[in-house]
Amino acid sequence: MHVTRGFTGRPRVHNPGLPPGQYDAGDDWPVLSAEVTPDLAPADWTFRVDGLVAEDRTWDLEQVRRLPRSAYEGDIHCVTGWSRFGVRFGGVSLDVFLDAVRPDAAATHAVAYSHTGYTSNLPLADLRGGRAWIAFTHDGEPLTAEHGGPARLLVPHLYFWKSTKWIAGLRILDHDEPGFWEQNGYHARGNPWEEQRYSGD
Ligand SMILES: Nc1nc2c(c(=O)[nH]1)N[C@H]1C(S)=C(S)[C@@H](COP(=O)(O)O)O[C@H]1N2
Ligand SMILES: [Mo]
């Protein structure tokens, strides 16, 4: 019998969508924070892009909500082992923000930083090409505080620690600069398909 992955169906075994060493967490969406969930009102949330750019910019949530929207429906993979399938996020593509600030030709990397102090580093290329978002909805509802609301970074093709919750900004750099987990032994890029969990993987 041919089994098709349906809109809500989540096969529990032999899932070719599961990167090596990961398991399907099903409907559970664990909360993973190295920090206390902040009490961040939507009106106090801002997102800034600065560093090696032609023009620094800061957006508030109202301004972000007026930008062209795009959605992600797909999978997320946490380095602790769980993956979730068919997760639906809504937000604005990072391309929109990067196009607005115009990174210098020398720019190669970014450090994402949160309103709480958490940081994660990413190659600029991973934030381009419709593969990264400022996400503010999940399943059509506002993103809850514990999952990074009012808005978080979403880079689902990399391990989920790169997806900085309570995102405050991106600093654009001409070199790679390890963030919170990366300073603690995790991989600089974190591609789940190559099992880049720890530095040296
Ligand atoms: N600001 C902030 N962002 C963060 C973290 C954090 O501790 N602080 N944890 C990261 C890790 S390790 C993971 S797996 C995901 C978890 O997101 P979730 O709690 O919505 O599942 O957020 C990432 N983003
Ligand atoms: Mo994680």
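Using my numbering, you'd call the opening residue of the sequence shown number 35 and step up by one each time. C-beta atoms are modelled at their ideal positions from N, C-alpha and C, and glycine is treated no differently. Only a predicted model underlies this, so the values are computations on that prediction, with no experimental measurement involved.
Q | Beta bridge counterpart(s) of F81 as assigned by DSSP | A | The partner list for F81 (beta bridge, DSSP) reads W93.
(Q) Assess contact between the segment 91-102 and the segment 122-132, defined as three or more Cβ pairs (one per stretch) separated by less than 8 angstroms. Is contact present? (A) Yes, the segment 91-102 touches the segment 122-132.
Q. Quick one: is the Cβ of W227 within less than 8 angstroms of any heavy atom of ligand 2?
A. The answer is no for W227.
Q) Taking C-alpha atoms, which residue in L86, R103, P157 lies nearest to R136? A) Measuring from the Cα of R136, the nearest candidate turns out to be L86.
Q) For L52, which residues of its own chain have a beta-carbon under 8 angstroms away from its beta-carbon, when the five flanking residues on both sides are left out? A) Closer than 8 angstroms at the Cβ level, and outside the excluded window around L52, lie D58, S117.
Q. Relative to ligand 1, is the shortest distance from any of its heavy atoms to the C-beta of L128 smaller than 8 angstroms?
A. No, the Cβ of L128 stays beyond 8 angstroms of every heavy atom of ligand 1.
Q: Run through the segment 119-159 for me and flag every whole beta strand (DSSP E) of 3 or more residues, listed as ranges in chain order.
A: Every unbroken stretch of the beta strand (DSSP E) spanning 3 or more residues and falling wholly within the segment 119-159 is given here in chain order: 143-148, 153-157.
Q) Within 10 angstroms of its Cβ, does W227 collect 16 or more other Cβ (buried), or is it exposed? A) Answer is exposed; the Cβ neighbour count stays below 16.
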